[in-house]
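Visitor: In this note's numbering, the protein residues as written are 177 to 571. Virtual Cβ for every residue (Gly too), placed ideally from N, Cα, C.
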């Protein structure tokens with residue numbers, strides 16, 4: 177194989193990057209440790225800052241068929257379903273920001289991105305165990321003893337990233353929380369299916385979020401609870417439905433119907449890492465969770481991975497003198513300048529949100545609810561939803 181761009185990981189970040197690079201005539205090879213592609217998970221929220229980029233990749237029609245456009249986001253009270261705050265989405269969101277807000281199953285999103293990447297450029301069953309930077313490139317070492325040289329390595333290999341070791345010696349940080357995820361047939365909760373929305377119930381020490389996926393046939397939920405013992409962050413960790421039902425036994429009837437309706441659930445501990453001082457060296461860059469793993473309390477993990485992909489591709493495609501290989505260090509520098517401050521802000525916001533979402537009933541909770549209602553206007557999300565990560569990096 178000739179030295180080119182190598183992407184480590186074929187999840188959302190890696191496939192989005194491969195598709196974005198190909199759009200600029202910069203083909204890449206993708207190396208994935210799994211023998212078969214899989215994206216178990218459950219649902220994911222896609223905000224306009226990411227959907228406008230996915231539309232540019234050519235996925236507007238496909239997303240329109242498989243995703244759901246929620247009418248609103250609602251915060252509700254844990255015990256009685258009282259609506260604390262409501263932000264209108266739907267057509268109003270698209271009018272303000274030029275792109276829709278979607279909810280979608282992770283597997284559907286991954287498959288949509290995979291459809292943009294030629295299968296012969298994706299190598300499955302290739303586990304990277306080390307990334308070593310050289311004077312004019314980088315070398316991947318695989319578990320089977322083989323190696324691959326590249327002019328640029330993009331680490332899209334998640335929170336336990338091997339590529340990240342080329343930039344930092346840090347470790348994932350346990351949040352003290354765990355999450356149950358599951359899917360419920362929409363017929364089990366018809367009151368939620370009537371109007372598609374993202375709904376969050378806030379309660380003492382815990383919260384639950386749900387929204388429709390797969391064209392409204394299923395409702396995806398994530399229930400966050402205290403987790404005193406560090407647990408696995410694996411997407412495939414099995415959970416116990418009985419423990420989930422026990423944790424939410426005193427919550428509203430709607431919440432109980434959601435957790436009772438799931439035929440099976442998965443459970444894992446929630447981890448992140450602190451913001452990096454830099455997201456790249458001259459020949460190794462990080463995207464997605466490898467760069468800035470964040471807790472799910474800002475609903476921006478997948479969105480920021482897509483922003484990273486389009487931004488990095490735009491930096492590499494900027495016109496300049498000499499071959500792309502020679503311009504890579506400059507492009508990597510521009511990428512980290514564009515992406516570092518924004519992703520660090522979102523990592524910190526996700527951490528900060530924990531305290532506000534899990535307040536016990538009382539004066540602080542009532543003050544929070546007043547603040548949520550006062551800040552529910554969609555215009556207040558302009559800094560997030562209106563951002564064009566690709567445009568920022570183009571000339």
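Could you check the C-alpha separation between residue 491 and residue 519 for me, to the nearest Å?
Guide: One C-alpha to the other measures close to 17 Å.
Visitor: Considering just the uninterrupted stretch of the beta strand (DSSP E) at residue 314, what are its terminal residues?
Guide: From DSSP, the beta strand (DSSP E) with residue 314 extends over 313 to 318.
Visitor: With which residues is residue 386 paired in a DSSP beta bridge?
Guide: Beta-bridge pairing links residue 386 to 375 and 397.
Visitor: Does DSSP put residue 221 in a helix, in a strand, or in coil?
Guide: Looking at residue 221 - three-state DSSP - the assignment turns out to be strand.
Visitor: Please list the terminal residues of the continuous alpha helix (DSSP H) segment that includes residue 322.
Guide: Careful: residue 322 lies outside any alpha helix (DSSP H) and carries neither H nor E.
Visitor: Let me check one thing: in DSSP terms, what residues is residue 359 bridge-paired to?
Guide: Note: residue 359 sits in a beta bridge opposite 396.
Visitor: With the cut-off set at 8 Å, would you say residue 329 and residue 339 are in Cβ contact?
Guide: Contact flag set, yes.
Visitor: Can you give the beta carbon distance from residue 290 to residue 231, rounded, assuming they're within the 8 Å contact cut?
Guide: The Cβ separation is near 17 Å, so there is no contact.
Visitor: Closest to residue 349 by CA distance: which of 471, 200 and 478 is it?
Guide: Residue 471 is the option with its Cα nearest to residue 349.
Visitor: Excluding the 5 residues flanking residue 371 on each side, which residues of the same chain have their C-beta closer than 6 Å to its C-beta?
Guide: Excluding sequence neighbours, residue 371 sits near 247.
Visitor: Please tell me whether residue 326 and residue 445 are closer than 8 Å, where the distance is taken between their beta carbons.
Guide: No, the Cβ-Cβ distance between residue 326 and residue 445 is not below 8 Å.
Visitor: Identify whether residue 196 lies in helix, strand or coil by the three-state DSSP scheme.
Guide: Residue state, collapsed to three classes: helix.
Visitor: Could you tell me the distance, in whole angstroms, from the CA atom of residue 122 to the CA atom of residue 335?
Guide: A query on residue 122 cannot be resolved here, the shown segment of the chain reaching from 177 to 571 and no further.
Visitor: Using the Cβ count rule (16 or more neighbours within 10 Å means buried), how would you classify residue 419?
Guide: Exposed is the call here.
Visitor: Please tell me whether residue 197 and residue 489 are closer than 8 Å, where the distance is taken between their beta carbons.
Guide: Contact: yes.
Visitor: Roughly how far, in whole angstroms, is the beta-carbon of residue 428 from the beta-carbon of residue 257, given that I think they are within contact range, below 8 Å?
Guide: Right, their Cβ atoms sit about 5 Å apart.
Visitor: With residue 482 and residue 288 assumed to form a contact (beta carbons below 8 Å), what rounded beta-carbon distance in angstroms separates them?
Guide: No, residue 482 and residue 288 are not in contact; Cβ-Cβ is about 11 Å, not under 8 Å.
Visitor: Does residue 473 come out as helix, strand or coil in the three-state DSSP assignment?
Guide: The answer is helix: DSSP assigns residue 473 an H, G or I state.
Visitor: Please name the residue in 456, 353, 551 and 532 whose C-alpha comes closest to that of residue 505.
Guide: Among 456, 353, 551 and 532, the Cα nearest to that of residue 505 belongs to 456.
Visitor: Alpha helix (DSSP H) containing residue 335: first to last residue?
Guide: Run containing residue 335: none; DSSP gives neither H nor E here.
Visitor: Counting Cβ pairs, one atom from each stretch, are 3 or more of them under 8 Å apart for the region 308 to 322 and the region 390 to 405?
Guide: No, they do not touch.
Visitor: Quick one: what does DSSP say residue 517 is sitting in, helix, strand or coil?
Guide: Residue 517 falls in the helix class under three-state DSSP.
Visitor: Quick check on residue 543: does DSSP put it in helix, strand or coil?
Guide: Helix.
Visitor: Assuming residue 548 and residue 261 form a contact by the criterion Cβ under 8 Å, report the distance between their Cβ atoms to the nearest whole angstrom.
Guide: Between residue 261 and residue 548 the Cβ distance is about 4 Å, and since that is below 8 Å, they are a contact.
Visitor: With H, G and I counted as helix, E and B as strand and the rest as coil, what does DSSP make of residue 413?
Guide: No answer about residue 413 holds up, because its pLDDT of 48 lies below 50 and its placement is not dependable.
Visitor: So the candidates are 347, 259 and 211; which of them puts its Cα closest to the Cα of residue 301?
Guide: Of the candidates 347, 259 and 211, the one whose C-alpha sits nearest the C-alpha of residue 301 is 211.
Visitor: Considering only C-alpha positions, which residue in the set 433, 306, 537 and 453 is nearest to residue 209?
Guide: Looking at the Cα atoms, 306 is the closest of the given residues.
Visitor: For residue 279 and residue 250, what's the separation of their Cα atoms in angstroms?
Guide: Each residue's alpha carbon lies about 14 Å from the other.
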